[in-house]
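All remarks here apply to the structure that follows.
Protein chains in written order, with UniProt numbering: chain A, 1 to 373; chain B, 1 to 373.
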């Protein structure tokens, strides 16, 4: 009789698998409290002589030491690069700080990169991993709600170009996503709200019941109730895993995850990166997109006030900056979903389902007039 | 009775197919004289509203107008970006000229990029295509022997970093390769020789009979005999297609294509990009690697003079620049094939077969001492 195997985890995390290419490739999203102190969560990652942690000046003082401790058990050499914090540093110059460090330390093509931070750190680390020596493995360690429910999952990586948000990047999947819910305790309230924008997004496009759940549990989420957050992160990751598993490279379905993002990216690029948080722009963008869906007859009239109320309750802006309708339209024409100069919007088609729709410029201008300061 | 179908091509080109993922993906290499004037070679490419030709100031005056004419039949808008000519411009600043143009013209994610030029243009255009909006299609139109026999085929794309050659890039396959042999007529003799280095490479690593054929036909190749060039380009592409079809992402076998490149990249990076042509550095690097193979007992003693003679006859340098053995070793330790600080060399193991080998630093230093000025 063999002794029973000791459970690897002190507290079992939720595990959401992502399957790609009909199960040929894939990875796990681990979701749980205390994972930064849980050795088992860090086992079985790609073997290498060295790991490089990429983080920023805000997150590093909070969590870097614990991550270093975890990785020291797996890698002979653990290096760190700290980038400046913020969307406006999501550019080639910051990316090159990662490459400089990798080459100065003669890091080989097995080196594993760890993204410790929010969406900006995750997007940049993933893109750097895809490019360095044409591809090294990387692991997402998201520390913001937005990164845990959305940006760390699914392999979209990018940097910004002065003329367009996320214009330069790669589809490149992480080896694992490790989402420690305890890291959300330190999140500024503004960033918690920004993350809730992406949580709310999943309702109208994929799951009407989840939208109702968010409406019922929004106060608990805003108060950082751990079990409410755990459910929200898990449900968002499940929906995203389902979508990405069917359409990794956004040939079709995956675009629905961009609900509110066409208007939102225009706000971010138009104001200058970092003025509004990405989630804030998406929140306001969802109000505009909801109005457009109503005006196109895709959704009943009550959908717009329902969305606006929820987004406002989440602490997000519902009135856009006054860039001028022409500037909005110009910025949206370089959106990645645009084709041949025609803007294409992700719009709900009944609750829990969405599709791509064109709209006349003058109708879009009316929407903007209704929701811009 | 239906009329016989008119043959699409005035002169039938050679077609070498590349099959990837067990035939799930792939593309054709078209090799022939006059393809720039052959409408059929340009049909059936990805459809889009716009095409962007990327070329340089040297190649554009020779071939740009004819390519524009071909593409005007397929695309409503045909744009052009000219980059400065030379390996030292294979960097992010040049790459960004492509992105600036794409975004300034609001080019969408179906836009097709065409690389008109040699290896530098092909590597940069391919990398730009992989990154712009996370991937747009591209077509290789190689105009140098080096690009036709090697760099345009197989999907390796990259730019240089000051600390290492081709360190930043992607595996990203073109939609087609169109190699017009007539473009070799305008090639400076120095660049023809550089291309012959990559032709010679294929012999020792994959095809002993081809090595003997090159020895017999080198004078015809140097005199640009069209049928000799046609055979050499086709045979090189066949070998490369076979290798890449088995190992697209260089997990193993594909590394053999880097025979001579470990020493060669050290020469290029050590001297400063562009001092020596890539093919010149590879030629000299093959002499060094051949010597190392002999010293390690992998090849008989006569292999070294045989290779040195052939490389010298091709008009290539066989003596390396005096960077100092320590500098050579330091540069080679950041080579992409190195692991955990150990340099790994591609060396022949009998004629027509190669593998990866480590070597003691002092033995490498002896090799360098024998072949450095």
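Each residue gets a CB set at the ideal place from its N, CA and C atoms; glycine is no exception.
Predicted model, so just to flag it, every value in this text is computed and none were measured.
Contacts that residue i makes with chain A (C-beta to C-beta distance below 8 Å)
i                      : result
residue 104 of chain B : 163
residue 381 of chain B : One cannot answer for residue 381 of chain B here, as it falls past the ends of chain B, which runs 1 to 373.
residue 158 of chain B : 134
Expected contact under 8 Å - CB spacing of residue i and residue j to nearest Å
i                      : j                      : result
residue 174 of chain A : residue 155 of chain A : 7 Å
residue 195 of chain B : residue 146 of chain B : 4 Å
residue 16 of chain A  : residue 237 of chain A : 4 Å
residue 234 of chain B : residue 12 of chain B  : That belief does not hold up - the Cβ atoms of residue 234 of chain B and residue 12 of chain B are roughly 13 Å apart, past 8 Å.
residue 132 of chain B : residue 351 of chain A : So it is not a contact: roughly 35 Å between Cβ atoms.
residue 371 of chain A : residue 294 of chain A : Their Cβ separation, rounded to whole angstroms, is 12 Å, which puts residue 371 of chain A and residue 294 of chain A out of contact at 8 Å.
residue 221 of chain A : residue 232 of chain A : 6 Å
residue 347 of chain B : residue 355 of chain B : 7 Å
Short Cβ contact (9 Å threshold) for residue i with residue j
i                      : j                      : result
residue 278 of chain A : residue 57 of chain A  : no
residue 113 of chain A : residue 54 of chain A  : yes
residue 187 of chain A : residue 144 of chain A : yes
residue 337 of chain B : residue 255 of chain B : yes
residue 107 of chain A : residue 170 of chain A : no
residue 150 of chain A : residue 240 of chain A : yes
residue 367 of chain B : residue 292 of chain B : yes
residue 282 of chain B : residue 198 of chain B : yes
residue 314 of chain B : residue 200 of chain B : yes
residue 93 of chain A  : residue 127 of chain A : no
residue 139 of chain B : residue 115 of chain B : yes
residue 37 of chain A  : residue 66 of chain A  : yes
residue 249 of chain B : residue 134 of chain A : yes
residue 327 of chain B : residue 266 of chain B : yes
residue 365 of chain A : residue 325 of chain A : yes
residue 298 of chain A : residue 363 of chain A : no
residue 45 of chain A  : residue 24 of chain A  : no
residue 71 of chain A  : residue 42 of chain A  : yes
residue 397 of chain A : residue 353 of chain A : Residue 397 of chain A falls outside the range modelled here, since chain A spans only 1 to 373, and no answer is possible.
residue 162 of chain B : residue 307 of chain B : no
residue 227 of chain A : residue 280 of chain A : no
residue 177 of chain A : residue 27 of chain A  : yes
residue 191 of chain B : residue 118 of chain B : yes
residue 286 of chain A : residue 264 of chain A : yes
residue 40 of chain A  : residue 245 of chain A : no
residue 276 of chain B : residue 305 of chain B : no
residue 160 of chain B : residue 110 of chain B : no
residue 121 of chain B : residue 83 of chain B  : yes
Beta-carbon neighbours of residue i, restricted to chain B and to distances below 9 Å
i                      : result
residue 336 of chain A : 108, 109, 133 and 134
residue 171 of chain A : 134 and 135
Cross-chain neighbours of residue i in chain B, by beta carbon under 8 Å
i                      : result
residue 329 of chain A : Going along chain B, no residue has its Cβ under 8 Å from residue 329 of chain A, so there is no contact; the nearest lies around 11 Å.
residue 92 of chain A  : 92 and 96
residue 333 of chain A : 106
Under 7 Å from the C-beta of residue i: neighbouring residues of chain B
i                      : result
residue 339 of chain A : 108 and 110
Chain D contact for residue i (CB, 9 Å cutoff)
i                      : result
residue 249 of chain B : Absent here is chain D; the protein component of the structure consists of chains A and B.
Segment contact, 8 Å Cβ cut-off, at least three pairs: the stretch 256-273 of chain B with the stretch 324-331 of chain B = yes
Pair every Cβ in the stretch 98-116 of chain B with every Cβ in the stretch 216-233 of chain A, then say whether three or more of these pairs are closer than 8 Å.
-> no
Cβ pair count under 8 Å reaching 3, the stretch 65-80 of chain A against the stretch 30-50 of chain A | yes
Inter-stretch contact at 8 Å, needing at least 3 Cβ pairs: the stretch 178-192 of chain B / the stretch 19-31 of chain B | yes
Within 9 Å of chain B by C-beta, residues of the stretch 41-59 of chain A in sequence order | 48, 49 and 50
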